[in-house]
Amino acid sequence: MYFIVLSLGLDPSNFIHMNKELAIDSALSVLNDPLFKALQEPARLAVIRQLLILGKADISQIAEGLPQERSVISRHLQVLLDAGILRVERAGRHRIYEINGLEIIHKFEAILKELKLIMPYCCN
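In structure tokens:
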């Protein structure tokens with residue numbers, strides 16, 4: 001790559017700076033994932049805890065161990081679904097929620113991959 005930059009008459013320091021900027025922008029975009037927003041709220045962490053204990057559960061089962069109203073829990077469940085932390089399936093009239101473990105692992109692996117790309121630029 002360095003040879004191509006030189007053969008095109010480009011300044012290698014500009015190329016390195018561009019790569020650094022791209023790596024940083026890419027890492028920051030991954031850190032802006034809804035996953036982090038979803039995990040910042042203690043009530044959502046309590047919902048996650050309930051589901052870890054219960055396995056699969058509907059909103060009534062989840063709500064039994066929590067102080068919030070069902071409508072509030074429903075909004076938290078939607079945020080967790082949107083972030084990919086949960087998945088849901090229909091069972092008759094009920095929606096059954098569960099932790100989406102593989103998706104969480106994939107998201108964290110993507111985050112780690114992006115952070116590793118910026119390590120040479122900032123954090124040796």
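1 is the number of the first residue of the sequence shown in the UniProt record's numbering; add one for each residue after it. We treat Cβ as the ideally placed atom computed from N, Cα and C, and that holds for glycine. In this text the structure is predicted, and so the values were computed from the model without any measurement.
Assigned with DSSP and collapsed to three states, A38 falls in helix.
Contact between the stretch 33-44 and the stretch 69-86 is present: 3 or more CB-CB pairs across the two stretches fall below 8 Å.
Rounded to the nearest angstrom, the gap between the Cα atoms of E21 and L51 is 40 Å. At a cut-off of 4 residues, the continuous stretches assigned as alpha helix (DSSP H) that sit fully inside the UniProt domain "HTH arsR-type" (24-119) are 34-39, 42-54, 59-64, 70-82. Put simply, the backbone Cα of A27 is about 17 Å away from that of I104.
By the beta-carbon neighbour count (other beta carbons within 10 angstroms, threshold 16), R90 is exposed. Secondary structure at C122: helix, using DSSP grouped into helix, strand and coil.
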